[in-house]
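One structure is given here, and the rest of the page talks about it.
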Amino acid sequence: MKKFTGAVIAALCMVSLTACGSKKPSLEEVEKSIAEGNVTVEDALEKGWVTQEWVDDYYEERTIPAADKMTANAIDDFETTTLSGEEFTKEDIPSVTFFTFIDASDKDAQAFYDELTSAYEGVKENGGEIIVCNKNAEEISMFEDAPFPVLEYNDSLKKATEKYADMIEGMPSTGVWYVGEAFYSSWSAKVVAEELVKEVEFYKNIVDERNNGTDDGNEATAAAAIMG
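Under my numbering, the first residue of the sequence shown is numbered 10, with each subsequent residue one higher.
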C-alpha cells in the first residue's frame with residue numbers, strides 16, 4: 010500500500026512539476042513533461058518556467074520541411090491487386106490520397122467506410138483520391154460497390170508499410186493522408202466526410218509547392234495543426 014501511495018504522489022509531482030515544492034523545474038524537466046503530455050509549451054511559458062526565446066527555439070528545432078518529411082515517411086514499392094483483380098502498385102497512387110486500412114469485421118468499420126463513401130465525390134472534385142486496403146480477406150461484402158479502389162493487404166503491401174505496422178494493425182480502421190510518396194499526416198481512427206473534402210486542397214498545395222521548389226518548412230507545422 011505504501012508503494013502504491015508513493016507512486017501516486019510521484020505521478021502527481023510529474024503532472025504539475027511544482028506540486029512537490031516551489032522550486033522552479035529545470036529545462037530538462039520541463040521538456041520531459043512536455044514530451045509526456047503533462048504540460049503544454051504555452052503553460053510552461055505562462056508559469057515562467059521557460060522564456061519566449063526558448064519556445065521559439067523549441068518549435069524551430071521541431072519544424073520539418075515538407076520535402077524532408079515526404080522523404081522520411083515515404084513508403085516502399087509494392088505490388089498488389091484490387092478486389093476486382095486488377096494489378097495495383099505504388100505508382101498507381103495519386104499524389105494526394107486518403108489511404109485507409111479497414112477490418113470489415115469490426116463493429117465500427119461500416120461507419121468508417123460510410124464516411125469515406127460520403128466524402129468521395131467531394132474529394133475527387135477537389136483533386137484527391139481515396140484508397141482502402143482490406144485487412145480481412147474473409148470480409149469483402151462491404152466493399153462490393155465501393156466507388157474507390159479497394160486493395161488486398163498482401164505481403165508486399167505489408168512489407169512496404171511495415172514501419173507503420175503499429176498504426177495499421179493497432180486500430181481496426183485507420184487512415185492517413187498520402188502526399189507525394191509518403192504517409193504525411195497524423196493517423197485517424199475516425200473520419201468525417203466534410204473534413205476530408207476540405208483537407209484535399211491543403212495537401213495539394215503542399216505537393217504544388219514542393220514541385221515548384223517553394224517549400225519554406227511551414228507545411229509541417231500547419232499539417233500538425235490541421236490534424237489536431
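Glycine included, every Cβ here is placed at the ideal spot set by N, Cα and C.
Q | Three or more C-beta pairs below 8 angstroms linking the segment 189-199 and the segment 129-142 | A | no
Q. Residues bridged to Gly-184 by DSSP?
A. Thr-109, Ser-197
Q: Determine the closest residue to Gly-189 out of Lys-172, Glu-218, Leu-125, with distance taken between C-alpha atoms.
A: Glu-218
Q. Which partner residues of Ile-149 appear in the DSSP bridge assignment?
A. In the DSSP output, where bridge partners are listed per residue, Ile-149 has none listed.
Q: Return yes when the Cβ of Trp-186 is within less than 9 angstroms of the Cβ of Tyr-212, no when it is not.
A: yes
Q) How about Thr-98 and Thr-89: are their beta carbons less than 9 angstroms apart? A) yes
Q. For Ile-149, which of Ile-43, Glu-40, Ser-42, Ala-118 has the nearest alpha-carbon?
A. Ala-118
(Q) For Val-48, count the other beta carbons within 10 Å of its own beta carbon; 16 or more makes it buried, fewer makes it exposed. Which is it? (A) buried
**Q.** Identity of the residues DSSP links to Asn-143 by a beta bridge
**A.** Ile-111, Glu-161
(Q) Is the separation between the beta-carbon of Gly-184 and that of Val-206 shorter than 9 angstroms? (A) no
Q. Do the segment 108-116 and the segment 168-184 meet, that is, are 3 or more Cβ pairs less than 8 angstroms apart?
A. yes
(Q) If distances are taken between C-alpha atoms only, which option among Lys-172, Glu-40, Leu-125, Gly-179 comes closest to Ala-81? (A) Lys-172
Q.
If contacts are defined as beta-carbon pairs under 8 angstroms, then Asn-143 and Leu-160 qualify, I think. What distance do you get, rounded to the angstrom?
A. 7 angstroms
**Q.** Gly-30 (DSSP reduced to helix, strand or coil)
**A.** Confidence at Gly-30 is low in this model, with a pLDDT of 47, below 50, so its placement is unreliable and the value that follows should be read with caution. Coil, per DSSP.
Q | Buried versus exposed, by CB contacts within 10 Å (16 or more), Ala-128 | A | buried
Q. Hey, how far is the Cα of Glu-55 from the Cα of Val-39?
A. 13 angstroms
**Q.** Thr-106 versus Glu-100: straight-line alpha-carbon distance, rounded
**A.** 12 angstroms
Q) How many angstroms separate the CA atom of Ile-43 from the CA atom of Pro-156? A) 43 angstroms
Q.
Using DSSP's beta-bridge definition, name the partner residues of Thr-49.
A. None, per the DSSP bridge assignment.
Q. At a Cβ threshold of 9 angstroms, is Thr-49 touching chain D?
A. Given the protein chain composition of this structure (a single chain), no chain D is represented.
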